[in-house]
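*Asks:* For the sequence shown, counting from 1, position 130 maps to 130 in UniProt numbering; every step adds exactly one. Glycine is no exception: its CB is placed at the ideal position from the N, C-alpha and C atoms. Fair warning: this is a prediction, and the values are worked out from it, not measured in the lab. So that we are looking at the same thing, I have put the structure below in structure tokens.
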Amino acid sequence: MKLIFNNTFLRAISTLISGSIIAQIISLVVAPIMTRLYTTEEIGVYTLVLTGITMFGSVICGRYDMAIVSERNEDNVFSLIKLSFFISLVASILISLGYVIFYKIEGISPLTTVITMFILLLSTGIRNILVSYNNRKREYSLMTSVYVIRTLFKDITLVLLGLIKAGAIGLILSQIIGEILGLNRQAKSLKHQFKKIITTSKDRVIYVSKLHYKQPLYSVPALFANNFSYASINLFVENLFGLATLGHYYMTYKILGLPLSVISGNISKVFFQEASREYDKSDHYSKTFLKTTFILLIIAIPMAFFMFFLAPSIFKFIFGLGWERSGDYVKILAPMFAIRFIVTALSPGMMISKKQNLELVINFLFIIMSVIAFISSKMLSLDIVQFLTIISISYSFIYAFAFLILIRNAFKKKGYAKS
Numbered sequence: 001m002k003l004i005f006n007n008t009f010l011r012a013i014s015t016l017i018s019g020s021i022i023a024q025i026i027s028l029v030v031a032p033i034m035t036r037l038y039t040t041e042e043i044g045v046y047t048l049v050l051t052g053i054t055m056f057g058s059v060i061c062g063r064y065d066m067a068i069v070s071e072r073n074e075d076n077v078f079s080l081i082k083l084s085f086f087i088s089l090v091a092s093i094l095i096s097l098g099y100v101i102f103y104k105i106e107g108i109s110p111l112t113t114v115i116t117m118f119i120l121l122l123s124t125g126i127r128n129i130l131v132s133y134n135n136r137k138r139e140y141s142l143m144t145s146v147y148v149i150r151t152l153f154k155d156i157t158l159v160l161l162g163l164i165k166a167g168a169i170g171l172i173l174s175q176i177i178g179e180i181l182g183l184n185r186q187a188k189s190l191k192h193q194f195k196k197i198i199t200t201s202k203d204r205v206i207y208v209s210k211l212h213y214k215q216p217l218y219s220v221p222a223l224f225a226n227n228f229s230y231a232s233i234n235l236f237v238e239n240l241f242g243l244a245t246l247g248h249y250y251m252t253y254k255i256l257g258l259p260l261s262v263i264s265g266n267i268s269k270v271f272f273q274e275a276s277r278e279y280d281k282s283d284h285y286s287k288t289f290l291k292t293t294f295i296l297l298i299i300a301i302p303m304a305f306f307m308f309f310l311a312p313s314i315f316k317f318i319f320g321l322g323w324e325r326s327g328d329y330v331k332i333l334a335p336m337f338a339i340r341f342i343v344t345a346l347s348p349g350m351m352i353s354k355k356q357n358l359e360l361v362i363n364f365l366f367i368i369m370s371v372i373a374f375i376s377s378k379m380l381s382l383d384i385v386q387f388l389t390i391i392s393i394s395y396s397f398i399y400a401f402a403f404l405i406l407i408r409n410a411f412k413k414k415g416y417a418k419s
């Protein structure tokens, strides 16, 4: 078993997961309260705001933040941090204005939308930078504690504002508070390096931007495509079936997303760090890939069975009458999310192997299928169950294809893996 596991690897994963479990328990406790304090329409409006953050949040730094983890030269790290922040600041302004122009959200004013989007996007960009630096320094306990603090204050605010009937604005404000809190604590180990970051020359920043040019060229379009493939479902559901149905779908996605954020996302962070080190030393990362896949499989299989068979009755019991609809949606999407759970955690392998171009192709397949599902539903007047069934089946096949590519890359020697 020593070939599969090692203490450092499992300790890092367990540290991150333990904090995520605490955070998600808090969210699970609050979720039934949320469904009773806010209407499905208000939750639908909140979902549309989060959709913009979902689409752009992870690429707001041009993906240069990811290079912070794997960069060998410590001096280059500070240049990457400065570059990432500048890009996130400019992008936050442009995206906030553009989102209002191209998509009007019912229930909140355009000015409120712009301000909300800007704050959430910029704070997300800063958080991305800090997470990458924390990951580089293996500060997993710090990452865990900050995540718990954010979740706790976000959900407390959500409940308090719900009690005074703040509506969709209350949900949005709770999200803003959750994003901002903890940034100062998360920057603890970076504070004494601020002078180096600020004084980094323009030439040095340009140098690292060229050194890691594949990040914005391939990784940004690839990840945005992946984000849009899921965010577009929110937009399509609202367009086809209305805000109330979107509110039900939000809770479906929230529950299905718990294993991704609690387990898969944290395993992915450790996998990226460990696989990068193995790749530098051994010209491949097959050992890290295999042990990570094994861990993911023994979690994903029982999880999918549980969700498939028990979701409708559990949703009705926990969230109240009418919310069993969300449980029915979980049943449809559970097999696809189980595959996604595995592939998402291993997806940094594309970056390690310098195969961001393949990642881009794969993620555009998701967009194509989501658009096909939308057009089919529009033309054939399909219901929400039929729409989600098309999504689940088509996405499952694409994830399976992506997994085969990841296996191939993991076992390739460095000299053959570079594109």
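CA-CA distance, Val371 and Met55?
*Replies:* To locate residue 371, count along the sequence shown from 1; it is residue 371. To locate residue 55, count along the sequence shown from 1; it is residue 55. Spanning the two alpha carbons is a distance of roughly 16 angstroms.
*Asks:* Leaving out five residues on either side along the sequence, give the residues of the same chain with a beta carbon under 7 angstroms from the beta carbon of Phe337.
*Replies:* If you number the sequence shown from 1, residue 337 lands on position 337. Hits under 7 angstroms: Leu256.
*Asks:* Which same chain residues end up closer than 6 angstroms to Phe403 when comparing Cβ atoms and leaving out the 5 residues on each side of it in sequence?
*Replies:* As a first step, residue 403 must be located in the sequence shown, where it is residue number 403. Hits under 6 angstroms: Val343.
*Asks:* Does the Cβ-Cβ distance between Thr40 and Ala244 come in under 8 angstroms?
*Replies:* Mapped onto the sequence shown, residue 40 falls at position 40. Mapped onto the sequence shown, residue 244 falls at position 244. Yes; because the gap between Cβ atoms is below 8 angstroms, this pair is in contact.
*Asks:* So, is Phe366 buried or exposed, given that buried needs 16 or more other C-beta atoms within 10 angstroms?
*Replies:* Here residue 366 refers to the residue found at position 366 when the sequence shown is read from its first residue. Classification for Phe366: buried.
*Asks:* What separation, rounded to the nearest whole angstrom, lies between the Cα atoms of Leu152 and Lys202?
*Replies:* Taking the sequence shown and counting its residues from 1, one reaches residue 152 at position 152. Taking the sequence shown and counting its residues from 1, one reaches residue 202 at position 202. If you take the alpha carbons of Leu152 and Lys202, they lie about 40 angstroms apart.
*Asks:* For the segment 26-40 and the segment 64-74, state whether three or more C-beta atom pairs, one from each stretch, are separated by less than 8 angstroms.
*Replies:* no
*Asks:* So, with DSSP's three-state summary, where would you put Arg63?
*Replies:* If you number the sequence shown from 1, residue 63 lands on position 63. Reduced to three states, the DSSP call for Arg63 is coil.
*Asks:* Give the secondary structure of Ile4 by DSSP, where H, G and I count as helix, E and B as strand, and everything else as coil.
*Replies:* The count along the sequence shown starts at 1 and reaches residue 4 at position 4. Residue confidence for Ile4 is low, a pLDDT of 44 falling below 50, so the modelled location carries little weight; the figure read from the coordinates is stated next. Ile4: coil per DSSP, three-state reduction.
*Asks:* Taking the continuous alpha helix (DSSP H) assigned at Asp75, which residues delimit it?
*Replies:* The residue given as residue 75 occupies position 75 in the sequence shown. 74-102 is the span of the alpha helix (DSSP H), which, as asked, contains Asp75.
*Asks:* Pick from Ser276, Leu260, Tyr399: whose alpha carbon is nearest that of Ile299?
*Replies:* As a position in the sequence shown, residue 299 is number 299, starting the count at 1. Comparing alpha carbon positions, the residue from Ser276, Leu260, Tyr399 closest to Ile299 is Leu260.
*Asks:* Quick check on Phe188: does DSSP put it in helix, strand or coil?
*Replies:* Here residue 188 is taken as the residue at index 188 of the sequence shown, counted from 1. This sequence places Lys at residue 188; Phe is not what is there. The answer is coil: DSSP assigns Lys188 none of H, G, I, E or B.
*Asks:* DSSP state of residue 420, grouped into three classes?
*Replies:* Look at the range of the chain in this structure, 1 to 419, and you will see that residue 420 is not part of it.
*Asks:* How close, in whole Å, do the beta carbons of Thr124 and Gly57 come, if the pair is a contact with beta carbons under 8 angstroms?
*Replies:* Locating residue 124 in the sequence shown gives position 124, where the first residue counts as 1. Locating residue 57 in the sequence shown gives position 57, where the first residue counts as 1. The Cβ separation is near 4 angstroms, so the contact holds.
*Asks:* Are three or more beta carbon pairs between the segment 350-363 and the segment 269-286 nearer than 8 angstroms?
*Replies:* yes
*Asks:* Distance check for Val114 and Ile198, CA to CA, integer angstroms please.
*Replies:* Numbered from 1 along the sequence shown, position 198 holds the residue referred to as residue 198. Numbered from 1 along the sequence shown, position 114 holds the residue referred to as residue 114. So the alpha carbons of these two residues sit roughly 28 angstroms apart.
*Asks:* Which residues in the same chain have their Cβ closer than 8 angstroms to the Cβ of Ile407, if we skip the five residues on either side of it in sequence?
*Replies:* The sequence position of residue 407 within the sequence shown is 407, counting from 1. These residues qualify, in order along the chain: Phe289.
*Asks:* Restricting to Cα atoms, I'd like to know which of Val148, Val330, Ser313, Phe102 is closest to Glu179.
*Replies:* The residue labelled residue 179 in the question sits at position 179 within the sequence shown. Of Val148, Val330, Ser313, Phe102, the residue nearest in Cα terms is Val148.
*Asks:* Just to confirm, is the Cβ distance from Ala222 to Asn363 under 8 angstroms?
*Replies:* Walking along the sequence shown from the start, residue 222 turns up at place 222. Walking along the sequence shown from the start, residue 363 turns up at place 363. Yes, the Cβ-Cβ distance between Ala222 and Asn363 is below 8 angstroms.
*Asks:* Tell me the rounded alpha-carbon separation between Arg138 and Tyr218.
*Replies:* As a working mapping, residue 138 is identified with position 138 in the sequence shown. As a working mapping, residue 218 is identified with position 218 in the sequence shown. For Arg138 and Tyr218, the distance between alpha carbons rounds to 27 angstroms.
*Asks:* Taking 6 angstroms as the limit between beta carbons, can you name the residues of its chain near Phe401, skipping five residues before and five after?
*Replies:* Locating residue 401 in the sequence shown gives position 401, counting from the first residue. Here the set comprises nothing.
*Asks:* Would you be able to state if there are at least three C-beta pairs under 8 angstroms between the segment 322-336 and the segment 391-398?
*Replies:* The answer is yes - the segment 322-336 touches the segment 391-398, with three or more Cβ pairs under 8 angstroms.
*Asks:* Looking at Tyr64: is its Cβ nearer than 8 angstroms to the Cβ of Leu94?
*Replies:* By 1-based counting over the sequence shown, the position of residue 64 is 64. By 1-based counting over the sequence shown, the position of residue 94 is 94. Not closer than 8 angstroms, so no.
*Asks:* With distances taken between CB atoms, is the gap from Ala67 to His284 smaller than 8 angstroms?
*Replies:* For the purposes of this step, residue 67 is taken as residue 67 along the sequence shown, with counting starting at 1. For the purposes of this step, residue 284 is taken as residue 284 along the sequence shown, with counting starting at 1. Their beta carbons are not under 8 angstroms apart, which means Ala67 does not touch His284 by this criterion.
*Asks:* Give me the residue from Ile105, Gly182, Ile405, Gly167 with the minimum Cα distance to Val131.
*Replies:* Position 131 of the sequence shown holds residue 131. Out of Ile105, Gly182, Ile405, Gly167, Gly182 has the C-alpha closest to the C-alpha of Val131.
*Asks:* For the alpha helix (DSSP H) containing Gln215, name the first residue and the last one.
*Replies:* Counting from 1 along the sequence shown, the entry for residue 215 is found at position 215. Looking at the DSSP string, Gln215 is not in any alpha helix (DSSP H), and its letter there is neither H nor E.
*Asks:* Applying the 10 Å Cβ sphere with the 16-neighbour rule, what's the burial state of Gly62?
*Replies:* Numbered from its first residue, the sequence shown carries residue 62 at position 62. Classification for Gly62: buried.
*Asks:* Can you tell me whether Phe341 is buried or exposed, with buried defined as 16 or more other CB within 10 angstroms of its CB?
*Replies:* As a first step, residue 341 is located in the sequence shown; it is residue number 341 there, counting from the start. Here Phe341 is buried: its Cβ has 16 or more other Cβ atoms, across all protein chains shown, within 10 Å.
*Asks:* Between Asn73 and chain B, is the shortest Cβ-Cβ distance under 8 angstroms, so that the two count as touching?
*Replies:* Of the protein chains in this structure there is only one, and it is not chain B.
*Asks:* Below 8 angstroms on the Cβ atoms is my contact criterion, and I expect Phe319 with Ala31 to pass it. Report the Cβ-Cβ distance as a whole number of Å.
*Replies:* Start at 1 with the first residue of the sequence shown, and residue 319 comes out as number 319. Start at 1 with the first residue of the sequence shown, and residue 31 comes out as number 31. Sure, about 7 angstroms apart at Cβ, within 8 angstroms.
*Asks:* Would you mind reading off the limits of the alpha helix (DSSP H) that contains Ala222?
*Replies:* One-based indexing of the sequence shown puts residue 222 at position 222. 220-241 is the extent of the alpha helix (DSSP H) around Ala222.
*Asks:* Is Tyr399 closer than 8 angstroms to Ile301 when the C-beta atoms are compared?
*Replies:* In the sequence shown, the residue the question calls residue 301 occupies position 301. In the sequence shown, the residue the question calls residue 399 occupies position 399. For Ile301 and Tyr399, no; Cβs fall outside 8 angstroms.
*Asks:* For the segment 241-289, list the alpha helix (DSSP H) runs that are entirely contained and at least 4 residues long, ordered along the chain.
*Replies:* 243-259, 265-282
*Asks:* What is the rounded straight-line gap between the Cα of Gln175 and the Cα of Trp323?
*Replies:* Mapped onto the sequence shown, residue 175 falls at position 175. Mapped onto the sequence shown, residue 323 falls at position 323. Roughly 23 angstroms separates the two Cα atoms.
*Asks:* Would you mind reading off the limits of the alpha helix (DSSP H) that contains Ser396?
*Replies:* Start at 1 with the first residue of the sequence shown, and residue 396 comes out as number 396. Segment 384-411, the alpha helix (DSSP H) holding Ser396.
*Asks:* Anyone know if the C-beta pair for Leu122 and Leu89 falls short of 8 angstroms?
*Replies:* Within the sequence shown, the letter at position 122 stands for residue 122. Within the sequence shown, the letter at position 89 stands for residue 89. Contact: yes.
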